[in-house]
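Structure first, commentary second.
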Amino acid sequence: RNKELVEQLTTVTNLGLEEVQKRIEAELKYALEDQPAMSLDLDINSLTVVVPVDVSKKNCPCIVFDTGHLMLSSDLTNRKESSEVMDLFFDSYNLKIERIHSYSSSDYSKWRTVTEEDYLLPNFDIEVLAKIRRVPVTTVPNIVIRGQIPALSIWLGTNNLCDVLAVVKEIARPLTFDE
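All residue numbers for the sequence shown refer to the numbering used here, where the first residue is -1 and numbers rise by one.
Take a look at the structure:
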């Protein structure tokens, strides 16, 4: 009989704890959904860096690094659609960089007019999902980052190998005081 009474008390206690847990979870979810969010939508053509052997000459070899097209946007859908309370602790941002590539040109004045055989790194894309904590809770990380970076191949042919070596040789050359 005492055993049955203990089992009944345990069952009632567990039901009470589950009810309290559900109520706290609902209140927390309501409070987090009301937090302000930063909406972000950025779409830009990124930086192109040209590294010539000699900036004073127009017809010298150069290497070009094109950082492609950058898109950064906030993802506010997880706040309203997620059934997970933990998703409400974070603001999510999608970062996508498309058409990153690098190529060489044997003529600095014509670096914009290249063919595919001049490419050192063919076009590739990077996609990243970043989640940034928005509430001061120490039990969750500040930032969570997920993404993929593709395997990269460097294409070196006779023409662009000479251009690359000329640029590297100039960069590695020690400066003298009369320059």
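In this text, a Cβ means the ideal position worked out from N, Cα and C, and glycines have one as well.
Note that the C-beta distance between residue 107 and residue 116 is not below 9 Å. By the beta-carbon neighbour count (other beta carbons within 10 angstroms, threshold 16), residue 154 is exposed. DSSP places residue 159 in the uninterrupted alpha helix (DSSP H) bounded by 156 to 170.
Going by C-alpha positions, residue 118 is about 38 Å away from residue 74.
Contact check for residue 100 and residue 64: beta-carbon distance about 7 Å, within the 8 Å limit, so the pair qualifies. Per DSSP, residue 132 lies in no beta strand (DSSP E) and is assigned neither H nor E. Here residue 146 has 124, 125 as same chain residues with Cβ atoms under 8 Å from its own Cβ, once five neighbours each way along the sequence are excluded. If you draw a 10 Å sphere on the C-beta of residue 143, you find fewer than 16 other C-beta atoms in it, and that means exposed. In the DSSP secondary-structure assignment, residue 87 is not bridged to any residue. Annotation: the continuous beta strand (DSSP E) that includes residue 50 extends over 46 to 50.
Residue 39 is positioned such that its CB atom lies closer than 9 Å to that of residue 70.
The beta carbons of residue 84 and residue 51 sit no closer together than 9 Å.
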